[in-house]
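Read the structure below first, then the notes.
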Amino acid sequence: MQKLARSLRGDHRNAAPTPAAPAPAPLYASHRKIYPKAVRGRFRRVKWVLAAVLLATYSALPWLSWDRGPGLPDQAVLLDLDAQRFHLFGIELWPQHIYYVTGAMILAAVGLFLATALAGRVWCGYACPQTVWTDLFVLVEEWIEGDRGARIRLDNGPRTAAWFARKAAKHAVWMLIAAVTGGTAILYFIDAHGFLADLARLEASPLALGWMLFMAACTYAMAGFMREQMCRYVCPWPRFQAAMLDDESLVVTYQDWRGEGRAPLRKDRSWEARHLSGLGDCIDCGACVHVCPTGIDIRDGLQMDCISCGLCVDACDDVMRRIGRPGGLIRYDTEAAQAAKAESRTPAPYRLVRPRTIVYTLLLVIVAGMMATGLVLKPTVDVAVLRDRAPLFVTLADASVQNSYVVKISNMSHRPQTYRLAVSGIDGVTVTGPGTDALPGGALALSAEADSVQTYRIHVRSPATAVSAPSTPLSFTLTGTTDGTSLHVGTVFLAP
Ligand code: SF4
Ligand code: SF4
């Protein structure tokens, strides 16, 4: 674990202490452009399949329909800012349900902790939008400018017509992808079909267009130019991922006990002779470094910049296959297994079930269970009571005291509803309100349109003899006449 922590701090050259302290690292390093080389292999294939699924899901979700009834949006996923509603298939959340967003964020965070404890930064390497879009942009770059060597030559070569043509073509395709990405992002916030029709008629709202351009510009800059710098300097996750890892987490490792000392391959020397001379399987070809999207050398040990994408595993396996050596010189493995193998011990099998994975899984189950229960039992009505502040109270001619309140009823069902409002806590209070009907027992009937917030002004009157203190607790009870849902709101009644 200490070795892992040292590695993640960047202290991965854990050799014998050197006599002179190394010079401190400069605070600012000029950016060195990275030219990742194309690679083929199983992890690259997994990444492409996952990227295709994620991009297709992102593009298709705003176009899915969900019938919610007449007058309601039929977009399956819609964060309707105007109406202040979040629609997710059959789930509808109002602003007062903000705690579900908190729950979803906790679920996402704990899910990330669990994935990291099990398999390192797999989220970063396989599913993070920054990785997915960067992969897409690099693919376009490869198609137009060629692989790593060709791109380096192009950038260092003369500015010819061919140079301008290739750069223009690349940036045009990048901008197209960025525009589609930005446009799709907007569709999660407005009616997708309506926005497309407005766009075609050149009548789209400037606000929507502004956000679309902003999202497109972010995509273009982050996937086209910033790339690994987003992970290195902007994203906070690499900073605290070390706390989620232990010696039994799967991380991308270089088997230095097998690979060192590294030296180029000599065809006139057998592998036995090479090993007897103290050399290992690493032929120092640099393939693992050239394919790395963050430009690091995994042979230096596990580093904060490693996003666990596995591309160096594919590159090295390919090299090993071509030189007739077993694959896995770079592999997903645990630090504990690496230590055991280095000491020629048999490593313990990988353990999915460990104290921290149990804790994370339990947390996931508990939070998910609480959210599911909350969603099932979510009431379809909410009520807020605000007492008038000016005047605080009114003394009437018959010496009774009146307080006024604003009652806001949120009818979250898709049908008009009628509610019974009763007031309790003070003997002899009467309650009236414009636009309401009196019910037996001194209560009021209040109605609310479907899917709307209805506001009533309610006057509560009490005999002066019933309120002996300047402030008396008062309770409003709202009961649904169809489903019997009952909500209580406490407030106070003020008197001289
Ligand atoms: S790809 Fe494999 S053989 Fe080549 S430098 Fe990297 S670890 Fe060594
Ligand atoms: S070192 Fe390997 S796993 Fe880590 S980011 Fe580079 S290519 Fe991906």
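When we follow the working numbering, the leftmost residue of the sequence shown carries the number 9, and every step to the right adds one. Glycine residues also receive a C-beta, built at the ideal position from the N, C-alpha and C atoms.
**DSSP state of residue 469 mapped onto helix, strand, coil** = On the sequence shown, residue 469 is found 461 positions in, with the first residue counted as 1. Residue 469 carries a strand assignment under DSSP once its states are collapsed to helix, strand and coil.
**Asked** Is residue 451 helix, strand or coil when you go by DSSP?
**Response** In the sequence shown, residue 451 corresponds to position 443, counting from 1. Three-state DSSP puts residue 451 in a strand.
**Asked** Over what stretch of residues does the beta strand (DSSP E) that includes residue 231 continue unbroken?
**Response** Residue 231 sits at position 223 when you count from the first residue of the sequence shown. Looking at the DSSP string, residue 231 is not in any beta strand (DSSP E), and its letter there is neither H nor E.
**Prompt:** Are residue 174 and residue 44 touching if we call contact CB-CB under 8 Å?
**Reply:** Here residue 174 refers to the residue found at position 166 of the sequence shown. Here residue 44 refers to the residue found at position 36 of the sequence shown. Contact: no.
**Prompt:** Hey, is residue 300 close to ligand 1, as in C-beta under 7 Å from one of its heavy atoms?
**Reply:** Taking the sequence shown and counting its residues from 1, the one referred to as residue 300 is at position 292. With a threshold of 7 Å, the Cβ atom of residue 300 does not count as near ligand 1, since no heavy atom of the ligand is closer than that.
**Message:** At the level of alpha carbons, what is the spacing between residue 133 and residue 64?
**Reply:** Position 125 of the sequence shown holds residue 133. Position 56 of the sequence shown holds residue 64. Going by the C-alpha atoms only, they are around 18 Å apart.
**Asked** Between residue 158 and residue 148, what straight-line distance do the alpha-carbon atoms span, to the nearest angstrom?
**Response** Along the sequence shown, one-based indexing puts residue 158 at 150. Along the sequence shown, one-based indexing puts residue 148 at 140. Cα-Cα distance, rounded: 14 Å.
**Request:** Compare the Cα-Cα distances from residue 464 to each of 496, 418, 165, 498 and report the closest residue.
**Result:** Looking up residue 464 in the sequence shown gives position 456. Comparing Cα-Cα distances from residue 464 to each of 496, 418, 165, 498, the minimum goes to 418.
**Under 8 Å between C-beta atoms of residue 341 and residue 258** = One-based indexing of the sequence shown puts residue 341 at position 333. One-based indexing of the sequence shown puts residue 258 at position 250. It is a contact, given that the beta carbons lie within the stated cut-off.
**Asked** By a C-beta neighbour count over all protein chains shown, 10 Å radius and 16 as the cutoff for buried, is residue 496 buried or exposed?
**Response** Taking the sequence shown and counting its residues from 1, the one referred to as residue 496 is at position 488. The residue in question, residue 496, is exposed, as its Cβ has fewer than 16 Cβ neighbours within 10 Å.
**Own chain, CB closer than 6 Å to residue 251, minus 5 neighbours either side, in chain order** = The residue labelled residue 251 in the question sits at position 243 within the sequence shown. Correct list: empty, nothing qualifies.
**Message:** Please report the straight-line C-alpha distance between residue 338 and residue 140, rounded to a whole angstrom.
**Reply:** Within the sequence shown, numbered from 1, the residue matching residue 338 stands at position 330. Within the sequence shown, numbered from 1, the residue matching residue 140 stands at position 132. When only Cα atoms are considered, residue 338 and residue 140 end up about 23 Å apart.
**Asked** So which of 320, 192, 430 has the shortest CA-CA distance to residue 85?
**Response** Counted from its first residue, the sequence shown places residue 85 at position 77. Among 320, 192, 430, the Cα nearest to that of residue 85 is on 192.
**Asked** For residue 263, which option in 343, 116, 206 has the closest C-alpha, if you only look at C-alpha atoms?
**Response** Against the sequence shown, residue 263 aligns to sequence position 255. Ranking 343, 116, 206 by Cα distance to residue 263 puts 343 first.
**Asked** Hey, residue 200 and residue 74: beta-carbon distance below 8 Å or not?
**Response** As a working mapping, residue 200 is identified with position 192 in the sequence shown. As a working mapping, residue 74 is identified with position 66 in the sequence shown. Cβ atoms of residue 200 and residue 74: not closer than 8 Å.
**Asked** Helix, strand or coil: which one does DSSP assign to residue 307?
**Response** Along the sequence shown, read from residue 1 onward, the residue named residue 307 stands at position 299. Annotated three-state conformation of residue 307 is helix, per DSSP.
**Message:** Can you give me the C-alpha to C-alpha distance between residue 462 and residue 416, rounded to a whole angstrom?
**Reply:** Working through the sequence shown from its first residue, we reach residue 462 at position 454. Working through the sequence shown from its first residue, we reach residue 416 at position 408. For residue 462 and residue 416, the distance between alpha carbons rounds to 6 Å.
**Message:** Considering only DSSP beta bridges, list what residue 100 is partnered with.
**Reply:** Mapped onto the sequence shown, residue 100 falls at position 92. Looking at the DSSP assignment, residue 100 forms a beta bridge with 95.
**Item:** Between the CA atoms of residue 82 and residue 18 - distance to the nearest angstrom
**Value:** The residue you call residue 18 lines up with position 10 of the sequence shown. The residue you call residue 82 lines up with position 74 of the sequence shown. Below a pLDDT of 50, predicted positions are generally treated as unreliable, and residue 18, at 44, falls in that range; the measurement from the model is reported next regardless. Going from the Cα of residue 18 to the Cα of residue 82 covers about 51 Å.
**Message:** Taking 8 Å as the threshold (C-beta atoms), are residue 231 and residue 94 in contact?
**Reply:** Residue numbering aside, residue 94 sits at position 86 when the sequence shown is read from its first letter. Residue numbering aside, residue 231 sits at position 223 when the sequence shown is read from its first letter. Their beta carbons are not under 8 Å apart, which means residue 94 does not touch residue 231 by this criterion.
**Request:** Tell me whether residue 316 counts as near ligand 2, meaning its Cβ is closer than 7 Å to at least one heavy atom of that ligand.
**Result:** One-based indexing of the sequence shown puts residue 316 at position 308. Yes - ligand 2 has a heavy atom lying nearer than 7 Å to the Cβ of residue 316.
**Request:** Pull up the DSSP beta-bridge partners for residue 416, would you.
**Result:** Residue mapping note: residue 416 aligns to position 408 of the sequence shown, counting from 1. Looking at the DSSP assignment, residue 416 forms a beta bridge with 392, 463.
**Asked** With respect to the beta strand (DSSP E) encompassing residue 401, which residues constitute its N-terminal and C-terminal limits?
**Response** Within the sequence shown, numbered from 1, the residue matching residue 401 stands at position 393. It is not in any beta strand (DSSP E) - residue 401 carries neither H nor E in the DSSP assignment.
**Request:** Could you please give the first and the last residue of the uninterrupted alpha helix (DSSP H) stretch that includes residue 298?
**Result:** Here residue 298 is taken as the residue at index 290 of the sequence shown, counted from 1. Here the alpha helix (DSSP H) through residue 298 covers 295-298.
**Prompt:** If you run the structure through DSSP and keep just helix, strand and coil, what is residue 197?
**Reply:** The residue you call residue 197 lines up with position 189 of the sequence shown. Correct three-state label for residue 197: coil.
**Message:** Please identify the residue among 458, 468, 479 whose C-alpha is closest to the C-alpha of residue 77.
**Reply:** As a position in the sequence shown, residue 77 is number 69, starting the count at 1. When each option's Cα is compared against that of residue 77, the closest is 458.
**Request:** Name, in chain order, the residues that DSSP records as bridge partners for residue 340.
**Result:** On the sequence shown, residue 340 is found 332 positions in, with the first residue counted as 1. Its beta-bridge partners are 260.
**Span of the beta strand (DSSP E), counted from its first residue to its last, around residue 86** = Translated into the one-based positions of the sequence shown, residue 86 becomes position 78. 85-88 is the span of the beta strand (DSSP E), which, as asked, contains residue 86.
**Prompt:** Would the beta-carbon of residue 120 fall within 8 Å of that of residue 131?
**Reply:** In the sequence shown, the residue the question calls residue 120 occupies position 112. In the sequence shown, the residue the question calls residue 131 occupies position 123. Against a cut-off of 8 Å, the Cβ pair of residue 131 and residue 120 comes out as a contact.
**Request:** Starting from residue 428, follow the beta strand (DSSP E) in both directions and report where the run begins and ends.
**Result:** Start at 1 with the first residue of the sequence shown, and residue 428 comes out as number 420. Note, residue 428: beta strand (DSSP E), 425-432.
**Message:** Please classify residue 233 as buried or exposed, where buried requires at least 16 other C-beta atoms within 10 Å of its C-beta.
**Reply:** Within the sequence shown, residue 233 is the residue found at index 225, counting from 1. Residue 233 comes out exposed.
**Item:** For residue 279 and residue 186, the rounded distance between their alpha carbons
**Value:** Here residue 186 is taken as the residue at index 178 of the sequence shown, counted from 1. Here residue 279 is taken as the residue at index 271 of the sequence shown, counted from 1. Rounded to the nearest whole angstrom, the C-alpha separation of residue 186 and residue 279 is 50 Å.
**Message:** Measuring only the C-alpha atoms, how far is residue 350 from residue 333?
**Reply:** For the purposes of this step, residue 350 is taken as residue 342 along the sequence shown, with counting starting at 1. For the purposes of this step, residue 333 is taken as residue 325 along the sequence shown, with counting starting at 1. Distance between the alpha carbons of residue 350 and residue 333 is about 18 Å.
**Exposed unless 16 or more other CB atoms sit within 10 angstroms - verdict on residue 153** = Start at 1 with the first residue of the sequence shown, and residue 153 comes out as number 145. When all chains shown are included, residue 153 counts as buried.
**Message:** If I follow the unbroken alpha helix (DSSP H) through residue 377, where does it start and stop?
**Reply:** As a position in the sequence shown, residue 377 is number 369, starting the count at 1. First-last of the alpha helix (DSSP H) with residue 377: 363-384.
**Message:** Out of 388, 346, 454, which one is the CA nearest neighbour of residue 100?
**Reply:** Residue numbering aside, residue 100 sits at position 92 when the sequence shown is read from its first letter. Minimum Cα distance to residue 100 is reached at 388.
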